[in-house]
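Peer 1: Residue numbers (this note's numbering): 506 to 563. Pasting in a structure now, in structure tokens, and then I'll have a few things to ask.
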């Protein structure tokens with residue numbers, strides 16, 4: 506669960522039209538990271554609607 510969307514570092518972002526794509530490349534140190542979208546959705550943020558993931562870099 507993401508309790509504070511302001512507690513991390515913003516890594517990038519963009520607005521896209523349907524069918525478009527965008528990539529951001531970063532060098533991450535080993536560890537656990539969370540990726541989430543905090544744009545408003547129909548019932549809260551996109552993250553609260555499931556647009557969030559946790560990942561581990563080894």
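Heads up, the beta-carbon is just placed ideally off N, CA and C, and yes, glycines get one too.
I'd like to know whether the C-beta atoms of residue 557 and residue 540 end up nearer to each other than 8 Å.
Peer 2: Going by C-beta atoms, residue 557 is nearer than 8 Å to residue 540.
Peer 1: Is it right to say residue 552 is buried, meaning 16 or more other beta carbons lie within 10 angstroms of its own, or is it exposed?
Peer 2: Result: buried.
Peer 1: In angstroms with no decimal places, state the Cα-to-Cα distance between residue 526 and residue 542.
Peer 2: Approximately 15 Å between the Cα atoms of the pair.
Peer 1: Using the three-state DSSP reduction, which class does residue 554 fall into: helix, strand or coil?
Peer 2: Three-state result, residue 554: helix.
Peer 1: Would a check of beta-carbon distances place residue 547 closer than 8 Å to chain B?
Peer 2: Of the chains in the structure shown, none is chain B; there is only one protein chain.
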